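Accompanying notes for the structure given below.
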Amino acid sequence: MSCAHVPGAPVPVVPLARSGRSRFRARLAGRAPAPPSPGAALHNISAATAVLLVLVAIGSVIHEPVLIPPLAASAAIIHGAPALPLAQPRSVIVGHLLCAAVGYAVVAASGSSPWAAALAAGISLAVMTVARTPHSPACATAVVIVLNTPRPATFVPLLVGSAGLLVLAGWAASYARPRTPRYPAYWW
Numbered sequence: 056m057s058c059a060h061v062p063g064a065p066v067p068v069v070p071l072a073r074s075g076r077s078r079f080r081a082r083l084a085g086r087a088p089a090p091p092s093p094g095a096a097l098h099n100i101s102a103a104t105a106v107l108l109v110l111v112a113i114g115s116v117i118h119e120p121v122l123i124p125p126l127a128a129s130a131a132i133i134h135g136a137p138a139l140p141l142a143q144p145r146s147v148i149v150g151h152l153l154c155a156a157v158g159y160a161v162v163a164a165s166g167s168s169p170w171a172a173a174l175a176a177g178i179s180l181a182v183m184t185v186a187r188t189p190h191s192p193a194c195a196t197a198v199v200i201v202l203n204t205p206r207p208a209t210f211v212p213l214l215v216g217s218a219g220l221l222v223l224a225g226w227a228a229s230y231a232r233p234r235t236p237r238y239p240a241y242w243w
């Protein structure tokens with residue numbers, strides 16, 4: 056095989072070698088998307104905060120804790136990355152519901168302990184994977200249930216209603232500001 060240039064053929068372009076420093080900077084920059092504009096970031100922050108404050112207000116009125124850490128994480132995913140499969144309504148609502156069921160099953164089988172909470176989180180991940188409802192904050196719902204053992208008759212309806220409220224708030228917020236990604240990418 057010859058290295059000679061064939062007349063009429065395009066000349067191959069050989070990229071210039073980068074210095075070690077610029078290669079490091081390129082890798083450090085990564086392939087992450089560009090950051091949102093300040094207006095879009097403010098919109099996301101205010102929408103997520105507003106819906107979480109509504110959950111706190113509802114909890115104050117009914118004297119039950121409605122805002123739990125997994126729901127705050129769900130709000131962050133819905134408003135911060137609305138196109139992800141983790142943020143879609145099916146994953147948010149069904150994921151929390153399935154993980155609540157796992158949490159109560161683990162409490163019934165093994166009681167409330169940190170060991171049982173870790174087991175519930177692992178089982179929750181498996182159940183969500185099989186059900187095609189990936190939503191990582193829902194694993195924390197199972198942990199909260201195992202560690203705090205709330206009454207199912209009050210906790211589960213509040214959880215489903217709160218998750219539904221997060222989804223509706225994400226939907227409304229996506230239409231409140233022009234040129235933002237529409238949420239949800241799919242409903243079910």
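Under this note's numbering, the first residue of the sequence shown carries the number 56, and numbering increases by one thereafter.
Don't be surprised by glycine CBs; every beta carbon is placed ideally from N, CA and C.
These figures come from a predicted structure and were not determined experimentally.
DSSP-derived helix/strand/coil call for S167: Working through the sequence shown from its first residue, we reach residue 167 at position 112. Three-state DSSP puts S167 in coil, outside helix and strand.
Cβ distance (whole Å) where I178 is taken to contact V157 below 8 Å: Taking the sequence shown and counting its residues from 1, the one referred to as residue 178 is at position 123. Taking the sequence shown and counting its residues from 1, the one referred to as residue 157 is at position 102. That belief holds up - the Cβ atoms of I178 and V157 are roughly 5 Å apart, short of 8 Å.
Residue interval of the alpha helix (DSSP H) (run including P192): Within the sequence shown, the letter at position 137 stands for residue 192. Run containing P192: S191 to N203, per the alpha helix (DSSP H) assignment.
Assumed close pair H151, T196 - CB separation to whole angstroms, cut-off 8 Å: In the sequence shown, counting from the first residue as 1, residue 151 sits at position 96. In the sequence shown, counting from the first residue as 1, residue 196 sits at position 141. Between H151 and T196, the beta carbon gap of about 5 Å places them in contact (Cβ cut-off 8 Å).
Beta-carbon spacing of V198, A176 below 8 Å: The residue given as residue 198 occupies position 143 in the sequence shown. The residue given as residue 176 occupies position 121 in the sequence shown. With respect to A176, V198 sits close: the two C-beta atoms are nearer than 8 Å.
Backbone CA spacing between L110 and P120 [nearest angstrom]: Stepping through the sequence shown from its first residue, residue 110 is reached at position 55. Stepping through the sequence shown from its first residue, residue 120 is reached at position 65. In this model, L110 and P120 are separated by some 9 Å (Cα to Cα).
Segment contact, 8 Å Cβ cut-off, at least three pairs: the region 226-242 with the region 179-195: Contact fails: fewer than three Cβ-Cβ distances are below 8 Å.
Exposure label - Y159; buried when at least 16 CB within 10 Å: In the sequence shown, residue 159 corresponds to position 104, counting from 1. Flag for Y159 reads buried.
The alpha helix (DSSP H) enclosing P124, as first and last residue numbers: Stepping through the sequence shown from its first residue, residue 124 is reached at position 69. From DSSP, the alpha helix (DSSP H) with P124 extends over P124 to G135.
Whole-angstrom C-beta distance between L107 and A130, which should lie under 8 Å: Sequence index remark: in the sequence shown, residue 130 carries index 75 (1-based). Sequence index remark: in the sequence shown, residue 107 carries index 52 (1-based). 6 Å between Cβ atoms; contact.
Residue of I100, I113 and I117 minimising C-alpha distance to A128: Here residue 128 corresponds to residue number 73 of the sequence shown, with the count starting at 1. Minimum Cα distance to A128 is reached at I100.
Inter-residue Cα distance where the pair is V215 and P207: The residue labelled residue 215 in the question sits at position 160 within the sequence shown. The residue labelled residue 207 in the question sits at position 152 within the sequence shown. One C-alpha to the other measures close to 12 Å.
Collapsed DSSP secondary structure at P88 in the structure displayed: What you label residue 88 is simply residue 33 of the sequence shown in a count that begins at 1. Three-state result, P88: coil.
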